[in-house]
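Trainee: Residue numbers (the working numbering), protein chains in the order written: chain E, 10 to 596; chain Z, 10 to 596.
We treat Cβ as the ideally placed atom computed from N, Cα and C, and that holds for glycine.
Note that the structure is a prediction, hence the values are computed from the model and not measured.
Please see the structure below; I have some questions.
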């Protein structure tokens, strides 16, 4: 059983039959045709040679097929991860150098190891750090950065830049040097791809293809664009006219060798590798869950960490780049009828064939065509309506997204995601720091207790009942002290305070310490502290502390019992405890 | 009113009378006598000239008297902050140099500005980052580091070190070079101070002093030790025997001048200054709250940020060092009868007199005596029972404390507190990532719904009700998706899922997104999602989202209504929504 959990292939492999094989093979052919141009394009985006994209779509798919839990996820190079790879590798080496390529391998290795470690140590919850507004804002901003970064290839210009203003500045400054033949190729490719997205499927339908088949065949748009562009280069001698081409792509197997084991390089790439691992994991799991739910299948997120970790390690030892589960290709895989991860393995075989036999043909592929496929692909990940939707729903979540987008566009991708994580945490702390609490009284003729501000309820000047609608943790322990002491300071006749704990699911050590301090301080002021409606697990834990020994008041099972007993005791108060100062503080 | 909130002196100053004056004056005399040796000692601990400690006990007290909200808090140099100052200043300059002194001023300036900014921007909740186990572990570990660091002065040795192993190593290595006359002075001072803590008060009582007076007079132990040590140095010519002395302390007013405005220095000191601000604020507020509660007074934490910020700025422009509210001195101030912050101003005047007239007499004070006062003072802040208490109450909180203590002792004070903050956050995320949830059913013959695992309740195979005992936020949004999909995957007959929201106090945008995804995925699988018992404020917010428009099921006011309606509908399911894939993901 344990082995089966680690190697899901042992489960689905046993029931593999001819029908499944045929479904998986069809899906693999469709995905391969879609993946070849995408792999080349995302390698270009990452600043790496085109073949790296192909290599990253072979071994990682096999590794995921062995260890992954999604039946239909297709892993490989994806746009946002390629951008993050370019940024991180660019921080330690110049694009085009061997050191840059080594850096990409080190990133795959490190993020693979981190994903594996998170899987083994059950640390998948760290992915929670990326709240939805942050990941959504980050992906939209990255899409915008990616699209902008490709414009220069469309115009046949050099230059670059890491931020939106830098890219736009370089683009505007160089616009005069636009290479018109390149622009022609780029715009034609772009126009064809945009049309293929909308018009290819209906056209194929009119030509007599079944709806599902035309849907799938329309996914071959980028492959058609690549073939057409190569043909145009050959036909019109665009090479001689200076249109930048992909150039010689070495044909052959992925180079199997150890990635760089340089501790200093690892140190410099650790943070970007962690961010690549987190972003890749969050998006991949979201895609895998969406697909699995449609067939009432399940994925196991902790095992997904293992699967994606293995994929990245496989990329690292086979000349690839960081990979994760891609949305578009997984949906195509699913729609084309893939039933098991074997479809991924067959896709890997397809890409391998492409690397062996198609590579020489790609030499004449214009870079501008790849740039156009990138632009068309990433424009769909920019969610322009999300900010407004978020603004309406929650200003705080909007703020987290706005910070992420602005920092990503204006400073860079790593600062962007880090700023988003920090903003989410700070906003969460802010919210947790002052939870909702109500002063309650008894609804006449009932045993119900309601907010005094919303209901006509019975209260007494010597008795205050506070209901806190939140677990008591270190995030709000200080607030609890301040809130209670403020309430007490305003009520000179007060003799009893009841903390109604019906919504308190946990009390951590900081909150316990605050309760002890509140108990002491109230006792100093001649007031007893009582608890009511403490939940079972919370009470079990409190019994292991000193709070109940030193509590100046009692613990009541129900708020009604507390109210009944204390309403009748308007003066009850013993002497304060002997020594309220324990040794503590900074002296 | 607004001005009065910013300047609490406008409130208490109006009611100031002769009786209050006399109380405050008595308290100021007692605190001054206690504070002179402490100020010198903590300057020594911070690696600064002795007079800096005096200067830091003059202007900051006046600033706090103007802006602070505690009636009895006594600010000035304190042990842990002095240690943090030494570490931070030591990272940019060598002790004894002018640059080192400048660094201490810059730290006071920066932490003052940060405290002010936090006060103005209402960011006091950031102090929540320091959970109780972390601050308690940090203070104990700092106390141990401080006591160990002073042993070398006791033995008359050089050397130093920033970590416990380094200090102990240097001490053991140098033990052969112990300077016996210094050790004699040090051990005598230590013995006297330890005795004074326990024996001076009863002795004064037997000599006829009233209990309260002997209590207060016993606080003069360190001052007596200082006087005795100076006398011994003069009497036995210890100077000539090589006992290290404080040396010439310039008499005069604190030097008023701008602190260094060097952006590069500020950059290097920003993180330590922030930690100094946070630790100082947390401890000061805790002391102030404890004291205020005893007299049913209130402090205003946001205004305390202003008060402490002003104190540190005052220290920065008057040749001081970072300051905060001290525990021991504030308790003495309180016990001696201080009624208003004027007592602090009078104390400042007392220290000023000391700086003007006593300074020349301090030249013969042995460093070993100051080291002894530091050791005796900090030993009481080491809480040896806290780890065991915490281990019993909560393993997670214990882990946060243990990490803080170990990193502080073995790596350093700044890494220690940062590791503690990170550990608390990670443990909190871990806990929040998987909140308590129960599958509930109806208790027969009632309208109550209880956990199926603990009660005999009515359920149906086509109807699943899940109660989540936590607000739904980005920290557990992913868990919610996984938990619900897992439950659904195990129940083939399922047609309705009800999410019972009685304990859900908030739904943030990430959780909303998860609910929308769950709704879509369940719809894909032919299952309707319903909500029940949604609280009013949560419902108001949901109405501003698209969830309710696309929800496949209904929103029921009560779980009972949901159960009644859905139990009778075992097959009810409409077609899945038209296009479950929106454009999203990494492509």
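(1) Have a look at residue 459 of chain Z and residue 466 of chain Z and give me their C-alpha separation to the nearest angstrom.
(2) What is the residue span of the beta strand (DSSP E) that residue 141 of chain Z lies within?
(3) Starting from residue 476 of chain Z, follow its DSSP beta bridges and name the residues at the other end.
(4) Candidates Z/102, Z/129, Z/249, Z/145: which alpha carbon is nearest residue 278 of chain Z's?
(5) Below 9 Å on C-beta distance, what does residue 142 of chain Z contact in chain E?
(6) I need the boundaries of the beta strand (DSSP E) containing residue 85 of chain Z, first residue and last residue.
(7) Is residue 271 of chain Z close to chain E, meaning its C-beta is less than 8 Å from at least one C-beta of that chain?
(8) Counting only Cβ pairs nearer than 7 Å, list the residues of chain Z close to residue 204 of chain E.
(9) At the level of alpha carbons, what is the spacing between residue 141 of chain E and residue 183 of chain Z?
(10) For residue 424 of chain Z, which residues does DSSP report across the bridge?
(11) Using the Cα positions of residue 250 of chain E and residue 38 of chain E, report the straight-line distance between them to the nearest angstrom.
(12) Over the uninterrupted alpha helix (DSSP H) stretch that includes residue 460 of chain Z, give me the two end residues.
(13) Just list the beta strand (DSSP E) runs in the segment 52-135 of chain Z, keeping only unbroken ones of 3 residues or longer that don't cross its boundaries, in chain order.
(14) Show which residues of chain E have a CB atom less than 7 Å away from the CB atom of residue 402 of chain Z.
(15) Quick one: what's got a C-beta closer than 7 Å to residue 133 of chain Z's C-beta in the same chain, skipping five residues either side?
(16) If you draw a straight line from the alpha carbon of residue 202 of chain E to that of residue 61 of chain E, how long is it in whole angstroms?
(17) Roughly how many whole angstroms lie between the Cα atoms of residue 470 of chain E and residue 386 of chain Z?
(18) According to DSSP, simplified to helix, strand and coil, what is residue 464 of chain E?
(19) Residues bridged to residue 541 of chain E by DSSP?
(20) Name the chain Z residues whose beta carbon is nearer than 8 Å to that of residue 433 of chain E?
(21) Given a threshold of 16 other Cβ atoms within 10 Å of its Cβ, counted over all protein chains shown, does residue 552 of chain E qualify as buried or as exposed?
(22) In chain order, what residues of the segment 283-299 of chain E put their CB closer than 9 Å to some CB of chain Z?
(23) What three-state label does DSSP hand residue 349 of chain E in the structure shown?
(24) With H, G and I counted as helix, E and B as strand and the rest as coil, what does DSSP make of residue 46 of chain Z?
(25) Please tell me whether residue 418 of chain E and residue 172 of chain E are closer than 8 Å, where the distance is taken between their beta carbons.
(26) If you count every other CB in all the chains shown that lies within 10 Å of the CB of residue 566 of chain E, and 16 or more means buried, which is it?
(27) Excluding sequence positions up to five away, which residues of its chain have a Cβ less than 8 Å from the Cβ of residue 494 of chain E?
(28) Does the segment 295-309 of chain Z come close enough to the segment 431-446 of chain Z to have 3 or more Cβ pairs within less than 8 Å?
(29) Under 8 Å, do residue 33 of chain Z and residue 358 of chain Z count as touching if we go by C-beta distance?
(30) With distance defined between alpha-carbon atoms, name the residue in E/50, E/13, E/85, E/349 nearest to residue 26 of chain E.
(31) I'd like to confirm the pairing. Which residues does DSSP put opposite residue 213 of chain Z in its beta bridges?
(32) Tell me the rounded alpha-carbon separation between residue 322 of chain E and residue 363 of chain E.
(33) Does residue 150 of chain E have its Cβ less than 8 Å from a Cβ in chain Z?
(34) Please state the DSSP three-state secondary structure of residue 285 of chain E.
(35) Keeping to the same chain, check which residues put their C-beta closer than 8 Å to that of residue 99 of chain Z; ignore five residues upstream and five downstream.
(36) State the start and end residues of the unbroken alpha helix (DSSP H) segment that holds residue 178 of chain Z.
Mentor: Judging by the given coordinates:
(1) Along the second chain, one-based indexing puts residue 459 of chain Z at 450. Along the second chain, one-based indexing puts residue 466 of chain Z at 457. Approximately 7 Å, taken between the alpha carbons.
(2) Reading the second chain from its first residue, position 132 is the one you call residue 141 of chain Z. Note, residue 141 of chain Z: premise wrong, no beta strand (DSSP E); alpha helix (DSSP H) at 141-164.
(3) Taking the second chain and counting its residues from 1, the one referred to as residue 476 of chain Z is at position 467. Bridge partners of residue 476 of chain Z: Z/447, Z/509.
(4) Position 269 of the second chain, counted from the first residue, corresponds to residue 278 of chain Z. When only C-alpha atoms are compared, the closest one is Z/102.
(5) The sequence position of residue 142 of chain Z within the second chain is 133, counting from 1. Near residue 142 of chain Z (Cβ distances below 9 Å), the residues of chain E are 483, 517, 518, 519, 522.
(6) Mapped onto the second chain, residue 85 of chain Z falls at position 76. Where residue 85 of chain Z is concerned, the enclosing beta strand (DSSP E) stretches over 83-85.
(7) Numbered from 1 along the second chain, position 262 holds the residue referred to as residue 271 of chain Z. Not one chain E Cβ lies under 8 Å of residue 271 of chain Z.
(8) The residue you call residue 204 of chain E lines up with position 195 of the first chain. Correct list: empty, because the minimum Cβ distance to chain Z is about 18 Å.
(9) Translated into positions along the first chain, residue 141 of chain E becomes position 132. Translated into positions along the second chain, residue 183 of chain Z becomes position 174. If I take the Cα positions, the gap works out to 58 Å.
(10) Along the second chain, read from residue 1 onward, the residue named residue 424 of chain Z stands at position 415. Answer is none; residue 424 of chain Z lacks a bridge partner.
(11) Walking along the first chain from the start, residue 250 of chain E turns up at place 241. Walking along the first chain from the start, residue 38 of chain E turns up at place 29. Approximately 35 Å between the Cα atoms of the pair.
(12) Here residue 460 of chain Z is taken as the residue at index 451 of the second chain, counted from 1. Counting along the chain, residue 460 of chain Z falls outside any alpha helix (DSSP H), though it belongs to the beta strand (DSSP E) covering 458-460.
(13) 83-85
(14) Your numbering for residue 402 of chain Z matches position 393 in the second chain. Simply 518, 521, 550, 553, 554.
(15) Here residue 133 of chain Z is taken as the residue at index 124 of the second chain, counted from 1. Same-chain partners within the cutoff: 127, 310, 311, 314.
(16) Walking along the first chain from the start, residue 202 of chain E turns up at place 193. Walking along the first chain from the start, residue 61 of chain E turns up at place 52. Their Cα atoms are separated by approximately 24 Å.
(17) Taking the first residue of the first chain as 1, we reach residue 470 of chain E at position 461. Taking the first residue of the second chain as 1, we reach residue 386 of chain Z at position 377. Taking the straight line from one Cα to the other gives about 44 Å.
(18) Locating residue 464 of chain E in the first chain gives position 455, where the first residue counts as 1. Note: residue 464 of chain E maps to coil in three-state DSSP.
(19) Start at 1 with the first residue of the first chain, and residue 541 of chain E comes out as number 532. Its beta-bridge partners are E/509, E/565.
(20) Locating residue 433 of chain E in the first chain gives position 424, counting from the first residue. 483, listed in chain order.
(21) Against the first chain, residue 552 of chain E aligns to sequence position 543. Residue 552 of chain E should be labelled exposed.
(22) 288, 289, 291, 292, 293, 294, 295, 296, 298, 299
(23) Your numbering for residue 349 of chain E matches position 340 in the first chain. The answer is coil: DSSP assigns residue 349 of chain E none of H, G, I, E or B.
(24) Walking along the second chain from the start, residue 46 of chain Z turns up at place 37. If DSSP states are grouped into helix, strand and coil, residue 46 of chain Z belongs with the helices.
(25) Counting from one through the first chain, the residue named residue 418 of chain E turns up at place 409. Counting from one through the first chain, the residue named residue 172 of chain E turns up at place 163. For residue 418 of chain E and residue 172 of chain E, yes; Cβs fall inside 8 Å.
(26) Here residue 566 of chain E corresponds to residue number 557 of the first chain, with the count starting at 1. With fewer than 16 Cβ atoms within 10 Å of its Cβ, residue 566 of chain E is classed as exposed.
(27) Taking the first chain and counting its residues from 1, the one referred to as residue 494 of chain E is at position 485. Same-chain partners within the cutoff: 527, 530.
(28) no
(29) Along the second chain, one-based indexing puts residue 33 of chain Z at 24. Along the second chain, one-based indexing puts residue 358 of chain Z at 349. Against a cut-off of 8 Å, the Cβ pair of residue 358 of chain Z and residue 33 of chain Z comes out as no contact.
(30) If you number the first chain from 1, residue 26 of chain E lands on position 17. Measuring from the Cα of residue 26 of chain E, the nearest candidate turns out to be E/349.
(31) Locating residue 213 of chain Z in the second chain gives position 204, counting from the first residue. According to DSSP, which records beta bridges pairwise, residue 213 of chain Z is partnered with nothing at all.
(32) Here residue 322 of chain E corresponds to residue number 313 of the first chain, with the count starting at 1. Here residue 363 of chain E corresponds to residue number 354 of the first chain, with the count starting at 1. For residue 322 of chain E and residue 363 of chain E, the distance between alpha carbons rounds to 22 Å.
(33) Taking the first chain and counting its residues from 1, one reaches residue 150 of chain E at position 141. It does not; no Cβ of chain Z falls within 8 Å.
(34) Taking the first residue of the first chain as 1, we reach residue 285 of chain E at position 276. Of the three classes helix, strand and coil, the one that applies to residue 285 of chain E here is helix, per DSSP.
(35) Counting from one through the second chain, the residue named residue 99 of chain Z turns up at place 90. Once the five neighbours on either side are set aside, the close Cβ partners of residue 99 of chain Z are 56, 109, 171.
(36) In the second chain, the residue the question calls residue 178 of chain Z occupies position 169. That run of the alpha helix (DSSP H) goes 173-183.
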